[in-house]
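Participant:
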């Protein structure tokens, strides 16, 4: 299957989902008005990936900030990954935050709690 | 026409940005750009800047999705207002827009519920709504209000003014402490 490579803009995050390595990356800012339009292809990709998922999938999340309508879709991404975990494969989340951005750290904890995925919450090293 | 008087009033009230009109996608980007450069110029702390940004985005997207036109004849004009100013203690983001009067009780309940909660309860409520609410493209005002209250760390101030039977004007003021 094909990979997703989307460059970040002022309104949308950079996305790099690689089906052959199982390494997924989501970074930047996510504040589009039309979140469905942006995230739906990503969710569909994950549905497809689910069928051919690597033994180990890692998602690196390094977001600067995002709006609340994106937050729902970010959870949806995690829920799709939870499905892969439930199939007996390894899935983990690396959630990065700026040292002084306590809220982004707390948001990571919120997602960890709600998604039920194994999380590592890490400070971004310069 | 005394522009100088109005200019001075804006200076005295420390108005950073004042906008009236339709909030479009381009306006959102532009306002954020303006704010970024103004806050950088003021050498504002990263944490405060991020809070202002987050709340501003949420406020503008509420206006983008929920502002009603002022009258039925001009369905296309969805005028709203956005203002940013500060004093010694706080930054303030205020918004104003028309909403359907029928929606006032529900919105009022939502804000009051959020305002009644302290930090930990807000967090619990946020997790609950994040997990349970149906995805809507409009983001769902629930999560937006909770998020703004969490990031602001202050109570949300609001007011409704009845315009006529159908429409009301909704004013919202969100505060961000400078010593965050």
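Residue numbers (our numbering), protein chains in the order written: chain R, 1 to 126; chain E, 127 to 306. Cβ atoms here follow ideal geometry from the backbone N, Cα and C, with glycine treated the same way.
(1) Grab the span of the beta strand (DSSP E) containing residue 10(R) for me, first residue to last.
(2) What are the boundary residues of the alpha helix (DSSP H) that residue 90(R) is part of?
(3) Can you check which of these residues, 150(E), 212(E), 135(E), is closest to residue 174(E) by C-alpha distance?
(4) Quick check: what's the CA-CA separation for residue 237(E) versus residue 182(E)?
(5) Looking at chain E, which residues of the segment 20 to 37 of chain R have a Cβ within less than 7 Å of any of its Cβ atoms?
(6) Residue range of the alpha helix (DSSP H) that residue 142(R) falls in?
(7) With residue 220(E) as the anchor, note down where its beta strand (DSSP E) starts and where it stops.
(8) If we count the other Cβ atoms within 10 Å of its Cβ and call it buried at 16 or more, is residue 59(R) buried or exposed?
(9) Sorted by chain position, which residues of the same chain lie with C-beta nearer than 6 Å to residue 62(R)'s C-beta, five sequence neighbours on each side aside?
(10) With a threshold of 16 other CB atoms inside 10 Å of the CB of residue 130(E), please say whether the residue is buried or exposed.
(11) Exposed or buried, which one is residue 268(E) when buried takes at least 16 other CB atoms within 10 Å?
(12) Taking residue 62(R) as the query, report the chain E residues whose CB atoms sit under 9 Å from its CB, ordered along the chain.
(13) Quick check on DSSP: helix, strand or coil for residue 177(E)?
(14) Would the segment 101 to 120 of chain R count as touching the segment 143 to 157 of chain E if we require 3 or more Cβ pairs under 8 Å?
(15) What does residue 114(R) touch in chain E if you count any residue whose Cβ is under 8 Å from its own?
(16) Among 223(E), 242(E), 234(E), 147(E), which one has its Cα closest to the Cα of residue 194(E)?
(17) Alpha carbons only, please: which of 85(R), 15(R), 110(R) is nearest the one belonging to residue 41(R)?
(18) What in chain R is Cβ-close to residue 187(E), meaning under 9 Å?
(19) Output yes if chain E places a C-beta closer than 9 Å to the C-beta of residue 75(R); else output no.
(20) Residue 47(R) CB to nearest chain E CB: under 9 Å?
(21) Reducing DSSP to helix, strand and coil, say where residue 25(R) ends up.
(22) Using a Cβ-Cβ cut-off of less than 7 Å, list which residues of the segment 94 to 121 of chain R approach chain E; keep chain order.
Facilitator: Well, looking at it:
(1) First-last for residue 10(R): undefined, no H or E at that position.
(2) Here residue 90(R) belongs to no alpha helix (DSSP H); instead the beta strand (DSSP E) covers 90 to 97.
(3) 212(E)
(4) 17 Å
(5) 31, 33, 34, 35, 36
(6) Only positions 1 to 126 of chain R appear in the structure, and residue 142(R) is not among them; the question remains open.
(7) Looking at the DSSP string, the run of the beta strand (DSSP E) that includes residue 220(E) is 216 to 226.
(8) buried
(9) 27, 96
(10) exposed
(11) A buried status is given to residue 268(E), since no fewer than 16 other beta-carbon atoms sit within 10 Å of its beta-carbon.
(12) The contacting residues do not exist; residue 62(R) stays about 14 Å from chain E at best.
(13) helix
(14) no
(15) 253, 256, 257
(16) 223(E)
(17) The option with the nearest alpha carbon to residue 41(R) is 15(R).
(18) Identification of chain R residues near residue 187(E) by a Cβ-Cβ cut-off of 9 Å yields 31, 33, 67, 68, 69, ordered along the chain.
(19) By this cut-off, residue 75(R) is an interface position.
(20) no
(21) strand
(22) 100, 101, 103, 110, 113, 114
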